[in-house]
Each structure stands twice: as structure tokens, then as C-alpha cells.
Amino acid sequence: MRPCVYLIYSKKLDKYYIVETSDLQKRLEEHKIHFYEKYYTSKAKDWILFFKIVCETKTQVIKIEKHIKSMKSKTYIHNLKNYSEIANKLKEKYLI
1016 MRPCVYLIYS KKLDKYYIVE TSDLQKRLEE HKIHFYEKYY TSKAKDWILF FKIVCETKTQ
1076 VIKIEKHIKS MKSKTYIHNL KNYSEIANKL KEKYLI
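Residue numbers for the sequence shown follow the numbering used here, beginning at 1016 and rising by one.
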């Protein structure tokens, strides 16, 4: 499986959670069963997959995750989903 950055959203909290993984299906299932009960995602039960960026390398995925988190912007997150060229430019920029 290829690594990816994924964003999940909670309507209850009106928050996004940004993280990386090499096994998206497993991680989503773990969020659903509250496997991460001591982490931020345990604050809500309504997390849904909002967006994902599949990457080539672990280094690329970590850099993209860090970039998205550093933006601290819901507008930026929505633009990532609405304008695929943003995600493509990120992938190009951080391809090593």
C-alpha cells in the first residue's frame, strides 16, 4: 500500500484531523471503533473521511502532512479538496 495523508472531519466538533498512514482502511476502521481513545479523535464519534492524498514515499507524505497542518486554515483544506491542482503541486514540491 502507498502512504497517504488523510483528513477526517467531525461535524460535532467542526474540526478536521490530519494524519498520515500506509494503511488507510485500517486506520479509518480504528477511528470508527475508537481504538485511539486517548487521542484527539476520541472527542467525537462522527469522523468521516474528507480528503486524501496518496503519495510516493513516506518522506513525501510526512512533508505534505506538516505543510497542511502549518496552514491552520479550513479554507485551505476545502481548497485542497475542491482544486486538485493544489494537491498535485504539493506532491511535486515534496517528491524526493
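In this text, a Cβ means the ideal position worked out from N, Cα and C, and glycines have one as well.
Quick one: using the 10 Å Cβ neighbour count with 16 as the cut-off for buried, is residue i buried or exposed?
i: Ile1079; result: buried
i: Glu1035; result: buried
i: Leu1095; result: buried
i: Arg1042; result: buried
Examine chain D for any beta-carbon lying closer than 8 Å to the beta-carbon of residue i, and answer yes or no.
i: Arg1017; result: Within the model displayed, chain D is absent; a lone protein chain is all it includes.
Compare the Cα-Cα distances from residue i to each of the options and report the closest residue.
i: Lys1087; options: Cys1070, Cys1019, Ile1033 and Leu1028; result: Ile1033
i: Asp1029; options: Tyr1091, Trp1062 and Thr1036; result: Trp1062
i: Cys1019; options: Ala1102, Phe1050, Val1076 and Lys1041; result: Val1076
For a quick check, are the C-beta atoms of residue i and residue j less than 8 Å apart?
i: Ser1025; j: Ala1059; result: yes
What's the gap between the Cα of residue i and the Cα of residue j?
i: Lys1106; j: Cys1070; result: 7 Å
i: Asn1103; j: Tyr1091; result: 14 Å
Would you grab the beta carbon distance between residue i and residue j for me? Rounded to a whole angstrom, and I think it's under 8 Å.
i: His1046; j: Ile1023; result: 6 Å
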